[in-house]
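Asker: Using the numbering used here, read the sequence shown as starting at 4 and increasing by one per residue.
One structure is given below, represented as C-alpha cells, and several questions about it will come after.
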Amino acid sequence: MPANAAGPYIHIVRVDIAPEQEAAFNRWYDEVHLPAILSCPGWLTGSRYKAIDDGPAYAAVYTIAGDWVYDTPEFEAVKGFMAFTPFVSHFTRLRLAPLAPTGAPPESTNGPA
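Structural data, given as C-alpha cells:
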C-alpha cells in the first residue's frame with residue numbers, strides 16, 4: 004500500500020435521495036454505510052454534509068490514503084447505495100489527489116502523464 008508524501012487524497016460523493024426514503028437513507032448512511040467504509044483499509048476519515056445551495060442535497064467527504072483504496076476487497080464489498088440505489092439521483096463523485104508541496108502535481112503511480 005503506497006504512502007503519499009504530499010498528503011491524503013480526497014473522495015467526495017454527492018447525491019439526492021427520494022423524499023420518502025430520506026430518513027431511512029440518512030439512518031443507514033450514518034449507522035451502517037459510513038462505519039463500513041471507514042473500516043476499509045486506507046479510508047481515513049469521513050464526514051457528511053447537507054448542501055446550502057444548488058446541486059445534490061447530500062455530500063460525503065472522505066480522506067483516503069491513495070487511489071489504491073478503491074481496489075481492496077473490503078471496499079468492493081461495501082461500496083454503493085445497496086437497497087437505496089433506486090432512490091438515489093444526481094450522483095456525482097469527485098476524486099482529488101494532493102498537489103506536491105511545490106504546487107506541482109504528485110508523480111503518478113501509473114507513470115508519466
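Backbone N, C-alpha and C fix where the C-beta goes; we use that ideal spot for every residue, glycine too.
Taking C-beta to C-beta, are I15 and V81 nearer than 7 Å?
Answerer: For the purposes of this step, residue 15 is taken as residue 12 along the sequence shown, with counting starting at 1. For the purposes of this step, residue 81 is taken as residue 78 along the sequence shown, with counting starting at 1. No, they are not a contact pair.
Asker: Determine, using beta carbons only, whether F100 and Y12 come nearer to each other than 7 Å.
Answerer: Here residue 100 refers to the residue found at position 97 of the sequence shown. Here residue 12 refers to the residue found at position 9 of the sequence shown. Contrary to the premise, residue 100 reads as Ala rather than Phe in this sequence. Yes, the pair counts as a contact, with Cβ atoms nearer than the cut-off.
Asker: Can you check DSSP and say which residues form a bridge with I15?
Answerer: As a working note, residue 15 is residue 12 in the sequence shown. I15 is bridged to V64 and L97.
Asker: Return the chain-ordered ranges of every alpha helix (DSSP H) run that is complete within the segment 19-44 and spans a minimum of 4 residues.
Answerer: Qualifying alpha helix (DSSP H) stretches, in chain order: 25-31 and 37-41.
Asker: Specify, as a first and last residue, the run of the alpha helix (DSSP H) that V81 falls within.
Answerer: The residue labelled residue 81 in the question sits at position 78 within the sequence shown. P76 to V81 is the span of the alpha helix (DSSP H), which, as asked, contains V81.
Asker: With distance defined between alpha-carbon atoms, name the residue in F90, F78 and G58 nearest to V43.
Answerer: As a first step, residue 43 is located in the sequence shown; it is residue number 40 there, counting from the start. For the record, residue 43 in the displayed sequence is Cys; it is not Val. Out of F90, F78 and G58, F78 has the C-alpha closest to the C-alpha of C43.
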